[in-house]
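Engineer: Below are the structure tokens for one structure; questions will follow.
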Amino acid sequence: MKLDVNALRYLSKEDFRVLTAVEMGMRNHEIVPSELIARIAALKHGGTYKVLKNLLKHKLLHHDASKYDGFRLTYLGYDFLAIKTLVNRGVFSAVGRQIGVGKESDIFEVSNEDGTIMAMKLHRLGRVSFRAVKSKRDYLQHRSNSNWLYLSRLAALKEFSFMKALEDHDFPVPKAFDCNRHCVIMSLVQGYPLVQVKQLQNPDTIFETVIGLIVRLAEHGLIHCDFNEFNIMIDDDEKVTMIDFPQMVSVSHRNAQMYFDRDVECIFKFFRKRFKLTFELLSDEADDKDVHKDDNNSRPKFSSILPISGSLDKELAASGFSKKDQENLEKFIEGTLKDSKSSDKADIDDDSDLDEDDEPNDTDIKKFESLGLIKQVVSRVYYSTNHLSMSMFS
Ligand code: ADP
Ligand code: MG
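Take a look at the structure:
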């Protein structure tokens, strides 16, 4: 999705007041009645209606008059609220180009006033399955587990908390800087997703490192659940960084073993195919001629993992979300993980964008297309956008 932050420059205090009023109304309305927005925003002389028109023009809101006159936030509207909050906090001051698009997120570069470039992940849970949600849209749809605002916020909070905890335990993850609404700010990984890497100096070492990470995560009570070549970054020194944590589960999850085995299997498969490593295979692959048949012993076994004391899963369960939140998020994410080995590999449903008629269309975005550009030095561009953004955000 295109994120044109230029519009931020033109937005007044009143605009943000009304935008926030819509957000508040969405806690228990899928479409917030206009009168309710006006009541919450409480602008003088009926000013809310004029502001609503302006927000609509900038595609920050969607108008819906099918059942009654009302509005809801678009992704862009929600993005602006999060961006403004984080800019006000001084976390960053400019938004740069998009560096990644996942099934359920958009990643942009952002920079702070020192010119430090970071990564901003905007969670978009429900982007893929929104069509189903939309058909159920109804008056007073209470905050439900299909509400994209709620799910995206939850995914961001979970990702942020997990990233922080993992970093504290010396896992190679981006540094988590801040989080607001559906937005996570983290350090920019100077590397490429493994899927783009055609050659490695030391594939065996990387393989061992990566498998070692799955095991160490499990020892800490966690399973990544989407551990694959899209969520492992490699830099020029072949240093590994793992990313993408909203779907992680505890080793006490009822499907823990299956998720663990699947993560392991993904890595074995990928390294065998891409880097021609040879090791044992599951029985369904054993027919493959060029496969070196081996015993099953080199594969880490979930049952033989010994959790260390003070597991992260318990620590996180105690700190982060309510059990209910966690369950809702899991229910949703499990649905998206079930159909494919990797949620990252699933295509973005062309027709599933939140706003078919009023938002930029996703169809033209080729997955990961801009990732090859990560290496380019963009600080110059940043300084100029910085200037723009500074004035727009002040
Ligand atoms: P999704 O949940 O949508 O798969 P990811 O967190 O995996 O989102 O991010 C999508 C892509 O964006 C990644 O494959 C990666 O290329 C890029 N990306 C994500 N986080 C970073 C980061 N911190 N630094 C650099 N690139 C990143
Ligand atoms: Mg990913």
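Quick note: the sequence shown uses my numbering, first residue 849, plus one each step.
Yeah, the Cβ is synthetic: ideal placement off N, Cα and C, and Gly gets one too.
Treat the numbers as computed from the prediction; the structure is a model and nothing was measured.
(1) Under the assumption that LEU1070 contacts ASP1173 (Cβ atoms under 8 Å), give the Cβ distance between them as a whole number of angstroms.
(2) Leaving aside the five residues before and after ARG1001 along the sequence, list all residues of the same chain whose C-beta is less than 7 Å from its C-beta, in chain order.
(3) Nearest-angstrom Cα distance between LEU997 and GLU1056?
(4) Can you give me the Cβ contacts of PHE1025 inside the same chain, cut-off strictly under 8 Å, excluding the 5 residues immediately before and after it?
(5) Between PRO1041, LEU1065, ILE947, GLU1113, which has its C-alpha nearest LYS1087's C-alpha?
(6) If you run the structure through DSSP and keep just helix, strand and coil, what is GLU952?
(7) Answer with buried or exposed for MET1238, where buried requires no fewer than 16 other C-beta atoms within 10 angstroms of its C-beta.
(8) In this structure, does DSSP put ASN1176 in helix, strand or coil?
(9) Just curious, the alpha helix (DSSP H) that GLY873 is in, first and last residue?
(10) Alpha helix (DSSP H) containing LYS905: first to last residue?
(11) Please return the same chain residues whose Cβ sits closer than 6 Å to the Cβ of HIS971, not counting the five positions on each side in sequence.
(12) ALA930: buried (16+ other C-beta within 10 angstroms of its C-beta) or exposed?
(13) Beta carbon of LEU921, beta carbon of HIS911: below 8 Å?
(14) Measure the CB-CB distance between ALA889 and ARG865 and report whether it falls below 8 Å.
(15) Taking C-alpha atoms, which residue in ASP962, VAL1112, LEU934, ASP1016 lies nearest to SER1146?
(16) Can you check the region 1034-1092 for any beta strand (DSSP E) of at least 3 residues that lies completely inside it and give the ranges in chain order?
(17) Which two residues bound the contiguous beta strand (DSSP E) that contains MET1096?
(18) By Cβ distance, which residues of its chain are closer than 6 Å to LYS969, with the 5 residues on each side in sequence left out?
(19) Within its chain, find whatever has a CB closer than 7 Å to the CB of LEU859; leave out the 5 residues flanking it on each side and keep chain order.
(20) Please list, in chain order, all residues of the same chain as GLU1007 whose beta carbon is under 6 Å from its beta carbon, the five residues on each side excluded.
(21) Comparing the CB of ASN960 with every heavy atom of ligand 2, is any distance shorter than 7 Å?
(22) Counting pairs of Cβ atoms below 8 Å between the region 1101-1119 and the region 1009-1016, do you hit three or more?
(23) By Cβ distance, which residues of its chain are closer than 6 Å to VAL853, with the 5 residues on each side in sequence left out?
(24) Would you list the one or two residues that DSSP bridges to ALA967?
(25) To which residues of the same chain is PRO1051 closer than 7 Å at the C-beta, ignoring the five residues directly before and after it?
(26) Using a Cβ-based criterion (distance less than 7 Å to any ligand heavy atom), does LYS969 qualify as near ligand 1?
(27) Below 8 Å on the Cβ atoms is my guess for GLY925 versus ILE879; work out the distance and round it to an integer in Å.
(28) Quick one: Cα of LYS915 to Cα of GLU957, how far?
(29) For ASN960 and SER941, I'd like the C-alpha separation in whole angstroms.
(30) Quick check on this structure: which residue in VAL1045, VAL935, ASP1018 has the alpha carbon closest to the alpha carbon of ARG1064?
(31) Return the chain-ordered list of same chain residues with a C-beta closer than 7 Å to the C-beta of ASP986, the five sequence neighbours on each side being excluded.
(32) On the criterion of 16 or more Cβ atoms from any shown chain inside 10 Å, does GLU1175 qualify as buried, or is it exposed?
(33) Going by CA-CA distance only, name the one from MET872, ALA855, LEU891, ASN876 that's closest to GLU1296.
(34) Looking at GLY1039 and ASP1074, is the spacing between their C-beta atoms short of 8 Å?
(35) Please classify GLN1047 as buried or exposed, where buried requires at least 16 neighbouring CB atoms within 10 angstroms.
(36) Please indicate yes or no: does the CB of VAL1058 lie closer than 7 Å to some heavy atom of ligand 1?
Structural biologist: On the basis of the supplied data:
(1) Rounded, the Cβ-Cβ distance is 17 Å, inconsistent with contact.
(2) ARG1029, HIS1030
(3) 39 Å
(4) VAL939, MET966, ILE1033, MET1034, SER1035
(5) PRO1041
(6) coil
(7) Residue placement at MET1238 is flagged as unreliable, the pLDDT there being 31, under the threshold of 50; the coordinate-derived value follows with that caveat. MET1238 should be labelled exposed.
(8) helix
(9) 861-873
(10) 895-905
(11) SER953, SER1000, ALA1003, ALA1004, HIS1030
(12) buried
(13) no
(14) yes
(15) VAL1112
(16) 1080-1082, 1088-1090
(17) Counting along the chain, MET1096 falls outside any beta strand (DSSP E), and DSSP gives it neither H nor E.
(18) SER953, ILE955, VAL1032
(19) none
(20) VAL1032, PHE1093, PRO1094
(21) no
(22) no
(23) VAL943
(24) GLU957, MET1034
(25) PHE1119, PHE1123, LEU1125
(26) yes
(27) Not confirmed; about 13 Å, so no contact.
(28) 39 Å
(29) 5 Å
(30) ASP1018
(31) In this prediction, ASP986 has a pLDDT of 35, which is less than 50 and means its spatial position is unreliable; nothing more can be read from the coordinates.
(32) exposed
(33) The question about residue 1296 has no answer, for the chain in this structure spans 849 to 1242.
(34) no
(35) exposed
(36) no
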